[in-house]
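Engineer: Numbering (the working numbering), first residue to last: 9 to 587.
Heads up, the beta-carbon is just placed ideally off N, CA and C, and yes, glycines get one too.
In this text the structure is predicted, and so the values were computed from the model without any measurement.
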C-alpha cells in the first residue's frame with residue numbers, strides 16, 4: 009500500500025494545528041505567554057521540518073518502478089527567453105484583430121462571411137479548425153509533460169494531473185455555457201461575440217503561462233513545487249474560457265448544417281481533430297529544434313515555449329472565426345434527400361419515431377464516455393511507454409504519434425468517401441469500425457515481439473483510427489436524432505459529449521499513468537480491452553435499433569400494399585387485391 013498521501017496529510021495537519029495555535033495564543037495571551045508559545049511552536053516546527061525532510065527523502069524513493077530512476081537534478085537549467093520578434097508579432101496580431109472587429113461592430117460584414125448561404129465552405133472550415141485546436145492543445149503538451157513535472161519536483165502521476173485537471177475547469181465552463189444560447193431562439197450576433205471573446209481570453213491565458221514558465225525555470229526548488237499547482241490553476245482558467253462557448257459553437261453548427269450532411273461533416277470534423285496528432289507533434293518537434301539549437305534546455309522553459317505555440321494556434325482560430333462567422337444566419341432548407349437504395353434495409357436517424365430517436369441519443373451519450381476513455385488513454389500511454397519503456401527521445405515520441413494521426417486521418421477520409429458515394433451503409437461502417445478497434449486492443453499487450461515500440465504504434469493506430477470513424481458516425485447520428493425543444497435536443501447531447509471528453513481528459517491521464525507506473529503495460533491493455541468491449545456492445549444496440557425499425561417499416565409497407573385498393577387504369581375501375 010502507498011502511504012505517501014496519508015503521511016503528507018498528517019504532516020500538513022500538524023503544521024496547520026501549530027500555526028492556528030500560535031494565532032490563538034497571540035490573540036488571547038500575554039506577551040510572556042506569547043513568547044513561550046512562540047518558542048514552543050518554533051521548536052515543534054523545527055522538529056517537524058526534520059520529519060518532513062526525512063519523509064520526503066523516503067517517499068521520493070517510492071516512485072513507480074517505471075520512473076524511479078528519473079530525478080529533477082538530471083535536467084538542464086538552460087533557459088531560452090521569449091524574444092522581441094515574438095512579442096512584436098503578438099502586438100501586430102492584436103491590433104489587426106481589434107481593427108477588424110471594430111469595423112464589424114460598426115455594421116460591416118465580416119470579410120469572408122456569407123450571409124446568403126449559411127452552410128458555406130469557409131464557415132465549415134472554421135468549425136473544423138476549432139476542433140483541430142482542441143487536439144493540438146493536448147498533443148503539444150504531452151511530449152514534454154513528464155519531464156516538466158519531474159523538473160518541477162513532482163512525479164509522473166503529477167504530470168497526468170497537469171494534463172487532466174484543467175479539464176475539470178473545462179467541464180464547469182461547458183455546464184455554465186449551456187444556458188447562454190438556445191437553438192429554438194438562436195441569436196447569431198451574441199453567439200459570434202461569445203465565441204470570439206472567450207477565444208481571446210484563452211489566447212491571453214496561453215501567453216501568461218508562457219511568460220510565467222520562462223521565469224519559473226530560474227526559481228528555487230520549493231518555489232517550483234508550489235508554482236506547479238499555481239500554473240495548473242491558470243491553465244484551468246484558460247480551459248474554462250475555451251470550453252464556455254462549446255455548446256454555443258456546436259449549436260451554431262447544428263443550425264447551419266442540413267441533416268443530410270451532418271454525418272459527413274461530423275466525420276470531417278473528426279478528421280481535423282485527429283489531424284491534431286500530426287500537426288501538434290510536428291509543430292512541437294519544429295519548435296523544439298528551433299528553440300534548442302543543439303542545446304539541452306530546461307523542460308520548464310520548453311513547456312513555456314509549448315504554450316507560445318498554443319497561443320499561435322489560438323490566434324489562427326481567432327482569425328478564422330473573426331473573418332468567417334456571419335452576423336446574420338438563417339436555418340438551411342432541408343433537401344429531404346435520402347439514400348433510396350438504403351431505405352429498404354434501414355431508416356435515417358431523423359426518420360425514426362420519437363422514442364427510437366431518444367434511444368439513439370441515449371446510447372450515443374453512453375458511447376461518448378466509453379470511447380472518450382479509450383482515446384484519451386491511447387494519447388497519454390503511448391508517449392510514456394515509448395519514452396520510458398522503449399527509451400525513445402521526447403522528439404521521437406512526439407513525432408511517432410504522427411503515424412497514429414496519419415493512419416486516423418487516412419482511415420477517416422477513406423470512410424467519408426465511401427459514405428458519400430454510398431459504397432457502404434452507415435450502420436455497417438459504424439459497427440465494423442468498432443469491431444476493428446476492439447481487435448487492435450489485443451496488440452496492446454506485451455507479447456515480447458521484436459520492435460516493441462513499432463508494434464505498440466501499430467496497435468494504437470488500429471484502435472485510434474477506427475475509433476475516430478465510429479466517433480464521427482456517432483456524432484452525426486446523435487445530431488440527426490436530436491429533437492429541438494425536448495430534453496433530447498442538440499444542447500443536451502453536446503453537453504454530455506463535451507463532459508465525456510473533459511472528464512476523460514481529467515481522470516484518464518492520472519489513472520493511465522498510475523497503472524502504467526505501478527501495474528505495467530498488460531494491466532493497461534486489460535483495462536482498454538474492457539472499455540472497448542463495452543463500447544462495441546453499445547454500438548451493437550444502436551445499429552440493431554435502426555435495423556429492427558427499418559425491417560418493421562418494410563413489413564408494414566408490404567402488408568399495406570397487399571390490403572389497400574389498387575386503381576386499375578386499364579379498365580377504369582377499382583378492384584381489391586386479396587391475399
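#1: Taking the alpha-carbon of residue 262 as reference, which of 298, 400, 279, 199 has the nearest alpha-carbon?
#2: Provide the residue span of the alpha helix (DSSP H) that contains residue 363, from first to last.
#3: Run through DSSP, which three-state label would residue 207 get?
#4: Going by beta carbon distance, what residues of the same chain come within less than 8 Å of residue 214, once the five residues before and after it are set aside?
#5: By the DSSP assignment, the alpha helix (DSSP H) with residue 309 in it spans what residues?
#6: So, for residue 491: in the same chain, excluding its five sequence neighbours on each side, which residues have a beta-carbon less than 7 Å away from its beta-carbon?
#7: What residues in its chain sit with their C-beta under 6 Å from that of residue 101, if we drop five residues either side in the sequence?
#8: Taking the straight line between their C-alpha atoms, what separation do you get for residue 386 and residue 468?
#9: Skipping 5 residues on each side, what residues in its chain have a beta carbon closer than 7 Å to that of residue 272?
#10: State buried or exposed for residue 312, treating a residue as buried only when at least 16 other CB atoms are found within 10 Å of its CB.
#11: Taking only the alpha-carbon atoms, compute the straight-line gap between residue 449 and residue 537 and give it to the nearest angstrom.
#12: Would you identify the three-state DSSP class for residue 525, choosing helix, strand or coil?
#13: Whole angstroms are fine: how far does the CA of residue 325 sit from the CA of residue 97?
#14: CA-CA distance, residue 418 and residue 229?
#15: Suppose only complete runs of 3+ residues qualify. What are the beta strand (DSSP E) ranges in the segment 195–283, listed by chain order?
#16: Mark residue 146 as exposed unless 16 or more other C-beta atoms lie within 10 angstroms of its C-beta, in which case mark it buried.
#17: Taking all protein chains shown into account, do 16 or more other C-beta atoms lie within 10 angstroms of the C-beta of residue 470, making it buried, or fewer, making it exposed?
#18: Return helix, strand or coil for residue 109, following the three-state DSSP convention.
#19: Do the segment 159–171 and the segment 516–525 touch if we need at least three Cβ pairs shorter than 8 Å?
#20: Quick one: residues in its chain with C-beta nearer than 7 Å to the C-beta of residue 439, no 5 flanking neighbours on either side, listed in chain order?
#21: Determine the burial state of residue 376: buried for a count of at least 16 other Cβ atoms within 10 Å of its Cβ, exposed for fewer.
#22: DSSP three-state call for residue 493: helix, strand or coil?
#23: Output needed for residue 330: all residues of its chain with C-beta closer than 7 Å, excluding positions within five of it in sequence on either side, in chain order.
#24: Quick check on residue 548: does DSSP put it in helix, strand or coil?
#25: If you check the beta carbons only, do residue 251 and residue 181 fall under 8 Å apart?
#26: Suppose contacts are defined by Cβ-Cβ distances below 8 Å. Is residue 472 in contact with residue 544 by that definition?
#27: For residue 264, count neighbouring Cβ atoms within 10 angstroms of its own Cβ and tell me buried if that reaches 16, exposed if not.
#28: At which residues does the alpha helix (DSSP H) containing residue 138 begin and terminate?
#29: Whose C-alpha, out of 135, 216, 481, 508, is nearest the C-alpha of residue 333?
#30: What separation, rounded to the nearest whole angstrom, lies between the Cα atoms of residue 383 and residue 111?
#31: Output the boundary residues of the alpha helix (DSSP H) element that contains residue 434.
#32: For residue 499, which residues in the same chain have their Cβ closer than 7 Å to its Cβ, ignoring the five residues on either side in sequence?
#33: Measure from the alpha carbon of residue 290 to the alpha carbon of each residue in 131, 408, 237, then state which is nearest.
#34: Assuming residue 306 and residue 87 are in contact, meaning their beta carbons sit under 8 Å apart, how far apart are those beta carbons, in whole angstroms?
Structural biologist: Inspection of the coordinates gives the following:
#1: 199
#2: 362–392
#3: helix
#4: 246, 315, 316, 318, 319, 322
#5: 307–332
#6: 362, 365, 497
#7: 323
#8: 7 Å
#9: 424, 427, 428
#10: buried
#11: 6 Å
#12: helix
#13: 16 Å
#14: 45 Å
#15: none
#16: buried
#17: buried
#18: helix
#19: yes
#20: 547, 548, 551
#21: buried
#22: coil
#23: 105, 108, 109, 118, 204
#24: helix
#25: yes
#26: no
#27: buried
#28: 129–147
#29: 135
#30: 42 Å
#31: 434–449
#32: 186, 191, 255, 259
#33: 408
#34: 6 Å
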